[in-house]
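Sequential numbering from 1 applies to the sequence shown in our numbering. Beta carbons: idealized from backbone N, C-alpha and C, even for Gly.
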Amino acid sequence: MTRSPAPLPDGLGDHLRAVVGGNHVLVDPELTASYETDWTGRFSGRSPAVVRPGTTAEVAGVVAACAKARAPIVAQGGNTGLVGGGVPMGGELVVSLTRLTELGPVDTAAAQVTAGAGVRLADLQRHVRAAGLDFGVDFAARDSATVGGLTATNAGGERVLRYGGMRAQLAGIEAVLADGSVLSRMSGLLKDNTGYDLPGLLAGSEGTLGVVTGARLRLVPSQRNRVVAVVAVGGVDEAVELLAVLRQRLRTLEAAELFFATGLELVRAHSGMPAPFAAGHPAYLLVECADRRDPTDELTEALADSEELVRDAALATDAAGRHGLWAYREGHTEAINAEGVPVKLDIAVPLAVFPAVARALPTVVSGAAPHARTVLFGHINEGNLHVNVLDATDRAEEVTDAVLRHVAARGGSISAEHGVGRAKLAWLGLSRSPTEIAAMRAVKRALDPQGLLNPGVLLPPPSCE
Ligand code: 2HG
Ligand code: ZN
Numbered sequence: 001m002t003r004s005p006a007p008l009p010d011g012l013g014d015h016l017r018a019v020v021g022g023n024h025v026l027v028d029p030e031l032t033a034s035y036e037t038d039w040t041g042r043f044s045g046r047s048p049a050v051v052r053p054g055t056t057a058e059v060a061g062v063v064a065a066c067a068k069a070r071a072p073i074v075a076q077g078g079n080t081g082l083v084g085g086g087v088p089m090g091g092e093l094v095v096s097l098t099r100l101t102e103l104g105p106v107d108t109a110a111a112q113v114t115a116g117a118g119v120r121l122a123d124l125q126r127h128v129r130a131a132g133l134d135f136g137v138d139f140a141a142r143d144s145a146t147v148g149g150l151t152a153t154n155a156g157g158e159r160v161l162r163y164g165g166m167r168a169q170l171a172g173i174e175a176v177l178a179d180g181s182v183l184s185r186m187s188g189l190l191k192d193n194t195g196y197d198l199p200g201l202l203a204g205s206e207g208t209l210g211v212v213t214g215a216r217l218r219l220v221p222s223q224r225n226r227v228v229a230v231v232a233v234g235g236v237d238e239a240v241e242l243l244a245v246l247r248q249r250l251r252t253l254e255a256a257e258l259f260f261a262t263g264l265e266l267v268r269a270h271s272g273m274p275a276p277f278a279a280g281h282p283a284y285l286l287v288e289c290a291d292r293r294d295p296t297d298e299l300t301e302a303l304a305d306s307e308e309l310v311r312d313a314a315l316a317t318d319a320a321g322r323h324g325l326w327a328y329r330e331g332h333t334e335a336i337n338a339e340g341v342p343v344k345l346d347i348a349v350p351l352a353v354f355p356a357v358a359r360a361l362p363t364v365v366s367g368a369a370p371h372a373r374t375v376l377f378g379h380i381n382e383g384n385l386h387v388n389v390l391d392a393t394d395r396a397e398e399v400t401d402a403v404l405r406h407v408a409a410r411g412g413s414i415s416a417e418h419g420v421g422r423a424k425l426a427w428l429g430l431s432r433s434p435t436e437i438a439a440m441r442a443v444k445r446a447l448d449p450q451g452l453l454n455p456g457v458l459l460p461p462p463s464c465e
């Protein structure tokens, strides 16, 4: 059954139209629908209106109007977050930041650029690559994910191994606070030791402390030469062992990703891609090396010296070949969704227990949902596994509980990179102590005393702790 949204408080609609223009306050359900359901299809709500400001000043005007009317809001970027943190599940107004697409000139002296919250990751990459630099964060949803969303969720992705996550790329931030005031620290100074790290605090705050409107981003050297290898291995132990060898030997290592036979079969069935090898193998490690000099020889040598771990390997250095190999890994999310709405969990455990956890998880899931199918893949260097569970939406809570408890008991995190959102709200206490949660709650109260910014996301109601 589709719930009707709560009506806009008296006068708020007129106020919002005065700020952003009538065309950018959407109330027709046909127009609001795509903002109300997340990419996976699992999280869905109804919003009284979707507001699309085009400048930071307009965002400030929108937030101030909502504060005055005590109307809760959810900020939204590309809507490809995977934990239900960007959709109006409590009937909030959606503030879409996708019109904030301003992209400043690349500052090659500082190796920085200023980007609006609505700039898509792929556009940012094209822009900075044209100036001979690159951006340190990359992942499959690059064509839809935005700078604002990346920042608000502290996105991770495929290059954390070399460059760290989104927080590490921030040289500054601009955000609208809950009362409509604009917080701006965009000077890009890398040495600025004058108090609390506000960009670091807003990064990963999942829209609960402010609405990110822009960021000053650090850039990294562009690496002209790249080589990608998909390496077939006997299992997850071998993958972890091989990773350790490659990380030790290859200064140029940029990515190390893991997937398994089940995931590969799904990707192939969905995409029609040929098998990477004549025979099937239990697990696959995808690695990428990048450098100003060609890193192919050093990767080939390292693999040859690890012949006891390497069952087979496919290498590519040209762009089409590299993308073809990456497609086996990056194709997982779409191939899984094509099978049905998954329960998505995104965990990390120390590498010392990573193989045991990866082996145990399908059984842990089956204990909670006997008919479920578990597909694992992820960013092995950070011990980060994406646990995708199909045919289990009716057992989502049981599956989540079983997996997250298993992970927490082994020293892991209940959310490695996607964030807490609504999906893991009730389990935050498995990863954060009561003291940490109380401190986070105090920060939230101080910055958003009316509780209007993304209520119901990240921090559980006190009764759940
Ligand atoms: C990735 O690593 C993304 O491709 C999505 O974080 C993971 O679909 C997922 O579970
Ligand atoms: Zn990921």
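**Message:** What residue range does the beta strand (DSSP E) around Gln248 cover?
**Reply:** No beta strand (DSSP E) holds Gln248; the alpha helix (DSSP H) holding it covers Val236 to Arg249.
**Asked** Below 8 Å between beta carbons: does that hold for Leu349 and Gly421?
**Response** The amino acid occupying residue 349 in the given sequence is Val; Leu does not appear at that position. Not in contact: Val349 and Gly421 (Cβ atoms no closer than 8 Å).
**Asked** Leaving out the 5 sequence neighbours to the left and right, which residues in its chain are closer than 8 Å to Leu404 when beta-carbon positions are compared?
**Response** Leu345, Ile347, Ile414, Lys424, Trp427 and Leu430
**Asked** Hey, how far is the Cα of Leu184 from the Cα of Gln223?
**Response** It is worth fixing the name first, because residue 184 is Ser in this sequence and not Leu. If I take the Cα positions, the gap works out to 32 Å.
**Request:** Give me the Cα-Cα distance between Gly84 and Leu459, rounded to the nearest whole angstrom.
**Result:** 13 Å
**Request:** Give the secondary structure of Leu202 by DSSP, where H, G and I count as helix, E and B as strand, and everything else as coil.
**Result:** helix
**3 or more residues per run - each beta strand (DSSP E) lying fully within the region 91-148** = 93-96 and 112-116
**Prompt:** Name the DSSP bridge partner or partners of Asn225?
**Reply:** Asp291
**Request:** Would you check if the distance between the CB atom of Gly204 and the CB atom of Ala145 is smaller than 8 Å?
**Result:** no
**Prompt:** Does the ligand 2HG have even one heavy atom less than 7 Å from the beta-carbon of His270?
**Reply:** no
**Request:** Determine the extent of the alpha helix (DSSP H) in which Leu361 is found, giving its start and end residues.
**Result:** Phe354 to Ala368
**Request:** Round the Cβ separation of Ala290 and Val212 to the nearest angstrom and send it over; I've been treating them as touching at under 8 Å.
**Result:** At roughly 29 Å, the Cβ-Cβ gap does not stay under 8 Å, so Ala290 and Val212 are not in contact.
**Residues near Gly200 in its chain [Cβ-Cβ closer than 8 Å; skip 5 each side]** = Arg167 and Leu170
**Asked** Touching or not, the region 260-270 and the region 283-301, by the rule of three or more beta carbon pairs under 8 Å?
**Response** yes
**DSSP state of Ser413 mapped onto helix, strand, coil** = strand
**Request:** With hydrogens ignored, establish whether the beta-carbon of Gly496 is closer than 7 Å to any heavy atom of the ligand ZN.
**Result:** A question about residue 496 goes unanswered here, because the residues of the chain that appear run from 1 up to 465.
**Prompt:** Is the beta carbon of Pro7 less than 8 Å from the beta carbon of Pro48?
**Reply:** yes
**Asked** When you compare only the Cα positions, how much space is there between Pro370 and Arg52?
**Response** 44 Å
**Message:** Using a Cβ distance threshold of 8 Å, determine whether the region 12-20 contacts the region 52-61, with at least three qualifying pairs required.
**Reply:** yes
**Message:** Quick check on this structure: which residue in Val59, His323, Lys68 and Asp38 has the alpha carbon closest to the alpha carbon of Gly11?
**Reply:** Lys68
**Request:** Grab the span of the alpha helix (DSSP H) containing Arg70 for me, first residue to last.
**Result:** Element bounds for Arg70: n/a, residue is neither H nor E.
**Prompt:** When the Cα of Leu202 is compared with those of Glu308, Leu150, Val399 and Asp391, which residue comes out closest?
**Reply:** Leu150
**Prompt:** For the beta strand (DSSP E) that Asp192 lies in, which residues bound it at each end?
**Reply:** It is not in any beta strand (DSSP E) - Asp192 carries neither H nor E in the DSSP assignment.
**Request:** Measure the C-alpha to C-alpha separation of Pro434 and Arg322 and round it to an integer number of angstroms.
**Result:** 46 Å
**Item:** Arg432 (DSSP reduced to helix, strand or coil)
**Value:** coil
**Asked** Ordered along the chain, which non-local residues of its own chain (more than five positions away) have a Cβ less than 6 Å from that of Glu330?
**Response** Ala140
**the ligand 2HG heavy atom lying under 7 Å from the CB of Asn388** = yes
**Request:** Rounded to whole angstroms, what's the CA-CA distance from His332 to Thr108? Just pull it up for me.
**Result:** 36 Å
**Prompt:** In this structure, does DSSP put Lys424 in helix, strand or coil?
**Reply:** coil
**Prompt:** With C-beta atoms as the reference, is Val399 less than 8 Å away from Ala372?
**Reply:** yes
**First and last residue of the uninterrupted beta strand (DSSP E) at Ala313** = Asp312 to Ala316
**Message:** Do Gly210 and Leu453 have their beta-carbon atoms positioned less than 8 Å apart in this structure?
**Reply:** yes
**Message:** Rounded to the nearest angstrom, what separates Asn337 and Asn193 at their Cα positions?
**Reply:** 45 Å
**Prompt:** Which residues in the same chain as Met1 place their Cβ atom closer than 7 Å to its Cβ, once the five residues preceding and following it in sequence are excluded?
**Reply:** Residue confidence is low: Met1 scores 45 on pLDDT, short of 50, so the model does not pin down where it sits. No coordinate-derived value is stated.
**Message:** According to DSSP, is Met1 part of a helix, a strand, or is it coil?
**Reply:** Low confidence applies to Met1: its pLDDT is 45, below 50, so where it sits in the model is not reliable enough to give any reading.
**Message:** Give me, in chain order, the residues of the same chain whose beta-carbon lies closer than 8 Å to that of Ala360; leave out the 5 immediate sequence neighbours on both sides.
**Reply:** His406
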